[in-house]
């Protein structure tokens with residue numbers, strides 16, 4: 003019998019399937035992550051800085067769900083990165099957009 007996604011036993015069903023599941027964070031580890039200066043929102047900081055931190059938080063949250071991080075990258079182009087964004091699959095220069103219909 004399949005469990006309904008909103009039943010209280012649903013997470014345990016999939017936790018048993020997930021091999022190599024990382025341990026749940028304790029209070030100190032959770033505090034260290036949420037208070038890290040790279041991710042913590044600053045009151046009075048420029049809006050763009052706090053928005054960049056929100057995207058950094060989402061990036062950390064999606065590290066196990068790569069497809070969602072990729073979609074966020076494609077939608078916003080605001081994920082934290084050390085180099086410029088790729089441009090070879092965007093706009094009119096894309097080979098797929100120039101195909102004959």
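Residue numbers (this note's numbering): 3 to 103. Quick reminder that beta carbons are idealized off the backbone N, C-alpha and C, glycines included. Source: prediction; values computed, not measured.
Restricting attention to 48, 34, 53 and 62, the CA atom closest to the CA of residue 78 is found in 53. The continuous alpha helix (DSSP H) containing residue 55 extends over residues 49-63. As the crow flies, the alpha-carbon of residue 58 is around 10 Å from that of residue 42. DSSP places residue 67 in the coil class of the three-state scheme, outside both helix and strand. Leaving aside the five residues that flank residue 69 on each side, none in its chain has a CB nearer than 8 Å to its CB. DSSP places residue 44 in no alpha helix (DSSP H); its state is neither H nor E. Membership of residue 37 in any alpha helix (DSSP H) is not indicated, and neither H nor E is assigned to it by DSSP.
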